[in-house]
Amino acid sequence: MPEQLVFAMEVFLNGLMAGVLYALVALGFVLIFKASGIFNYAQGVMALFSAMTLVGIMKGQVPFAHVINVIFGTDVHYFGWTVPALLAIILTVAVMVLFAWAVQKYIFSHLVGQEPIILFMATIGLAYFLEGVGDLMWNSEIKKLDVGLPQGINEAIDNYTFNIFDYGFFIDNLDIVATLIAALLVGGLVIFSQYSKEGRAMRAVADDHQAALSVGVSLNFIWIMVWSVAGFVALVAGIMWGTKSGVQFSLSLIALKALPVLMLGGFTSIPGAIVGGLIIGVGEKLFEFAIGPMVGGATENWFAYVLALIFLVFRPQGLFGEKIIERV
Amino acid sequence: MKIKLTTMALTALMAAGPAMADLVFPSLSYRTGPFAAGGIPFADGYADYFTLLNERDGGIGGVPAKLIECETAYNTEKGVECYESTKDEGALIYQPLSTGITYQLIPKATADGIPIHSMGYGRTSAKNGKVFSHVFNYPVNYWDGASVGINHFKKQAGGSLEGKKITLLHFNGAYGKEPIPTLEALSAQEGFSLNTIAIDYPGQEQKSQWLQIRRERPDYVLFWGWGVMNQVAVQEASNIRFPMENFMGIWWSGAELDVLPAGDGANGYKALQFHNVGSDFPIFDDIKQYVTDAGKAAGAGDQIGTVLYNRGVYAAFLAAEAAKAAQAANGTKEITAAMMRDSMEALTIDEAKMAAAGLPGFGPEFQVSCENHGGGGMAAVAQWDATAKTWSLISDFEASDSGIIEPLIMADSKAFADENGIAERCN
Amino acid sequence: MFYREAGDFKTSYTDDNQTFPIKFDRYRYYVVLTVAFGIIPFLINDYWANAFLLPFLIYSIAAIGLNILTGYCGQVSLGTGGFMAVGAYACYKLMTAFPDVNIFFHVIAAGGITAIVCTAFGLPSLRIKGFYLAVATLAAQFFLVWLFNKVSWFYNYSASGQINAPERTVFGVPVTGANTEAWATYLFCLVFLAISAIIARNLTRGMQGRKWMAIRDMDIAAEIIGVNPLRAKLSAFAVSGFFIGISGALFFAVYLGAAEAGDSFGIQKSFLVLFMIIIGGLGSIFGSFAGAAFLVLLPVALKLVGVDFLGWPTDIVAHIQLIIVGALIIIFLIAEPHGIAQLWRVAKEKLRLWPFPH
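Residue numbers (the working numbering), protein chains in the order written: chain A, -9 to 318; chain B, 616 to 1042; chain C, 98 to 455.
Have a look at this one:
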């Protein structure tokens, strides 16, 4: 087999893995957009905030320590205990549910019926707010996140492919775990939305607010639930990316990676997010591999967008988006 | 429209003249934004050194140093606002701590007659004092860094880089592209083949780049990164089992926080430094005694001895030494920015001065002159020990290959001089 | 009391259609112009020019540009930063290639070049709508920034990739470069802003503006009544690009003096300008001014209060600043989704009736 083709296969596989991570972030967007028509720009900051909270709880950091120290002249930083990862994750989920409740009660219940662009802006405001709160609460250092996920090259795949192609493929263990978790998450979400009472209510709301309301579905509850689930998805994405690079500000920028995925897959489709993520992941990696060296590299940031843009010209609602029917 | 009127009313309020009593050192720091983690220790070190001088010696030559901190968030517009809001307070020197802000301040500060010291960043060709009268980048610049790094690899390879493959992995922006001309010239001279791989901001995702490195198997990798890029690069290098001792970062990619998240995998990673690392210097005892224990530390006090904190201390030390020299040369304690500039141009840092300040062997010895605003271009290589969690210098401060760098500096500064119609000085 | 149309008789249609039909408004407008052109230049200093006035003037131009596209024509764009970069780099290339031509024309030409680029990126808007379009314009943002970073022709092959504005003069007074006076840069930008605002105002209340608004309100319906969507949308992109290009050129040449695509024209810029028009008011020229003023003044005001008066550490203030800006955006959207312009309209309406509201 020619060497370039083997390399391309390796790039392809890694693109798939990266795509799963993008899809994970995109999933959070889709959930909220589907249920409430809100394009939640704060999803990236939510990932950052939840990961920071997780680390903070695990290390027993005192929230707002810096502010407390400045105001009261004290010198507190840590409670002096550590919390096991699993318990900390549960506590973080609780924080995200609380956050969802607050967002619904104080922001979006006042904005019901507004135009989509206004709702979008509100989430940008929310992103700023959360960014400031997150840094004040847990400080802006880079935090090492270790919840016991494996990392590094997968030996088995390396050896196996080496025997076949004479070149061992590099697949990161973390990516494999991420893929598994993402698959579980999507499976769980599908089961939840298809078979549970709340899930059905959620789909009813997504279909038609008014009709759902008239058959007795509590919109408020559904929206809080959707934001909580999105918060949980953000936490999972935060853990994956945070393990890789440490928990720090840049985590909030992963939202930008998810936007082309959304365009491609359609804003309202969960399978769309997954497929879109895979296409973007593979597409940008293969492009960087094949064309990148000719144009000087670092093409990944814009290529995803251009790919999605070209795609949209032919299918304006994305792969799995609802068909846009316009009437006068 | 009404806002304009309010603005004017405020203008009248703010126009009151500043007091000139203290020696003013503005600190354009960034404690927020994408690079906060790197900006905080530097700002703390810078502030703590001046606090120490004030607490222990009563200032510089008896005049208290006044530090005005202004948050830039690494954002060029905020940097401009910071500059304008502090320059009328009698600012003696600006250390913008961002290449973008440095570029903006070069014309502004030159026109206002305030010196800029961009230590290990900023415009490399500012080394040519004939063109850049108010800009200093001693003791070292990026092109020196590239050259010292290559020299280190050369030694490591047993004296010759003939036929070796070296990859430059760099931030896709002004800062990351700086070393490319130097490396190209060096590649022609030393006979190694050079490949450059760019990473776009922010650099959270570097799989493509590292897969490429894994395929091409370069002998050595030089790395110009900043922010999250650093942590991810070190992590990915350890993931693909790249031999860490062949992987070297510039000084902005070589702090504790860059390697700690990768754990043991980062062991052996190298980085260039232009000052010493660790907390084993007398000054840190003084800082503990007079600053931290007195509750006057700028930060949490846990950063002492880290690479970036030390760099902040070093920057403050160089500024304070120049101020001291200016006081001595002019026979007055209340120096101005113009005196500061003259004194920076005649600055000599030797072992005696460093030892007197409690920093023996902390940085290279160097001299600044009218033609040479960049010092000796000496840098050392540090290596990370993941078990002990410490950096340590594994080489002396070594000079760069000035035969390669000088012509490049002359060419770039000449282009700037031509574009802006600047006549050469020092003739 | 003063603010009413009583006694202000109109004898022609032209009179009736003027921008400020109420006498008091007209006088206020002349007073503002006099103050802006005749008084502020004498009071201004470096700090006020560089910290408030220049960014306010330049962002106002950008906001007017984006408001035409988003507020009047309904095409949400997140590519503003990239288009400003086009203006900046075009201006730089022109300044260095034709040093003898007056900078004034370079800025105009930079606007023209941006208009062309912007129109090209506007083509997909014929197919793609709503949020899909917003995200699609991000492609322009990322691609343009990457391009300016990669192709060294754009920055004249300098080693660092930064562009520097050389000194250029208008009537012998330097407006770019190192030796500028605050009043000169201020007046230079003010002239551009005044011209832009007048052009924009007259475009938007004429036939072109009505076409745009028809497209915004419902493009299919507009098409049926005879508005050509291709022309209307692309003309909005072109006009918007022209203003945004001018603001980008001024931003680089006059305000910053040095720039780098990724640093100065990143995605944050796109969001910032979008904030401005939403807080100021979509579909309102005054809203563009108000939004720009609000978002330029607020952070600096908060910094002054927090750091200089209260003496808090800069990082806490910066974080609180984020929180307050975020919260204010949300509060604004909840209290008045149509922005400051709407508040202003309501206030004017109240004033008309005051002190006899019945």
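We treat Cβ as the ideally placed atom computed from N, Cα and C, and that holds for glycine.
None of these values were measured; they are calculated from a predicted model.
Residue nearest to residue i in terms of C-alpha spacing, selected from the options
i	options	result
K723 of chain B	C:P271, C:A389, C:G354 and C:V422	C:G354
D1033 of chain B	C:L235, C:N253 and C:G171	C:N253
A934 of chain B	B:E686, B:C697 and B:F665	B:F665
A262 of chain C	B:E1039, B:N1035 and B:Y753	B:N1035
I865 of chain B	B:N882, B:W839 and B:F857	B:W839
T113 of chain A	A:V(-4), A:F98 and A:L14	A:F98
T411 of chain C	C:S249, C:A291 and C:V397	C:V397
S204 of chain A	A:F293, A:L21, A:L126 and A:A191	A:A191
H890 of chain B	B:Y757, B:Q942, B:D1011 and B:K702	B:D1011
L340 of chain A	A:K313, A:V251, A:T64 and A:A288	Residue 340 of chain A falls outside the range modelled here, since chain A spans only -9 to 318, and no answer is possible.
L826 of chain B	A:L276, A:G236, A:L268 and A:I229	A:L276
G735 of chain B	B:Q821, B:G978 and B:E949	B:G978
V183 of chain C	C:L151, C:W441, C:A389 and C:G338	C:G338
With 16 other Cβ atoms within 10 Å as the buried cut-off, status of residue i
i	result
K308 of chain C	buried
K1004 of chain B	exposed
N299 of chain C	exposed
I61 of chain A	exposed
W1006 of chain B	buried
M629 of chain B	For M629 of chain B, the predicted structure reports a pLDDT of 42, less than 50, and the residue's modelled location is therefore unreliable. The matter cannot be settled from this model.
C685 of chain B	buried
I212 of chain A	buried
F202 of chain C	exposed
N4 of chain A	buried
P858 of chain B	exposed
R956 of chain B	buried
T131 of chain C	exposed
E936 of chain B	buried
Alpha helix (DSSP H) segment containing residue i, residue limits
i	result
C685 of chain B	Counting along the chain, C685 of chain B falls outside any alpha helix (DSSP H), though it belongs to the beta strand (DSSP E) covering A680 to E686.
Y835 of chain B	Careful: Y835 of chain B lies outside any alpha helix (DSSP H), inside the beta strand (DSSP E) at Y835 to W839.
W243 of chain C	G227 to K247
F277 of chain A	I260 to A280
P326 of chain C	P326 to L347
A415 of chain C	T411 to A432
L38 of chain A	Q33 to K49
W217 of chain A	L209 to S235
S984 of chain B	Unbroken run through S984 of chain B: none, as it is neither H nor E.
Endpoints, beta strand (DSSP E) assigned at residue i
i	result
Y110 of chain C	Looking at the DSSP string, Y110 of chain C is not in any beta strand (DSSP E); the run it does join, the alpha helix (DSSP H), is Y110 to D113.
D1000 of chain B	M993 to D1000
N810 of chain B	S808 to I814
V443 of chain C	Element bounds for V443 of chain C: not the beta strand (DSSP E) but the alpha helix (DSSP H), G436 to L450.
P641 of chain B	L638 to S644
A886 of chain B	K885 to Q888
Cut-off 7 Å between Cβ atoms - residues of its own chain near residue i, not counting five sequence neighbours on either side
i	result
K107 of chain C	D113
N163 of chain A	P140, Q141, G142 and N144
L661 of chain B	One detail in the question is off: residue 661 of chain B reads as Tyr in this sequence, not Leu. S642, G927, A930 and A931.
K234 of chain A	L164
A952 of chain B	A706, L707, G728, I729 and P730
Chain-order list of residues whose beta-carbon lies under 8 Å from that of residue i (same chain, five-residue window excluded)
i	result
G673 of chain B	P679
L287 of chain C	A133, F134 and L154
D815 of chain B	N787
Y169 of chain C	T301, G306, W309, M310, R313, A333 and G380
Chain-ordered neighbours of residue i on chain F, where CB pairs are closer than 7 Å
i	result
L244 of chain C	Judged by its chain identifiers, the structure shown contains no chain F, and its protein chains are A, B and C.
Residues of its chain near residue i, where Cβ-Cβ distance is below 6 Å and the 5 sequence neighbours each way are ignored
i	result
Y870 of chain B	Looking at the sequence shown, residue 870 of chain B is not Tyr but Ala. So the list reads V922 and L923, once near-sequence residues are dropped.
I409 of chain C	Per the sequence shown, the amino acid found at residue 409 of chain C is Trp instead of Ile. Cβ within range, chain order: G403.
Q850 of chain B	A877
L163 of chain C	T177, V370 and I374
W280 of chain C	P138 and I141
Which runs of the alpha helix (DSSP H), 4 residues or longer, sit entirely within the region 151 to 213 of chain C? Counting whole runs of 4 or more residues, the region 151 to 213 of chain C contains the alpha helix (DSSP H) stretches 151 to 163 and 177 to 194.
If you scan the region 821 to 906 of chain B from start to end, which runs of the beta strand (DSSP E) of 3 or more residues do you find wholly inside it? Listed in chain order, they are 835 to 839, 862 to 864 and 885 to 888.
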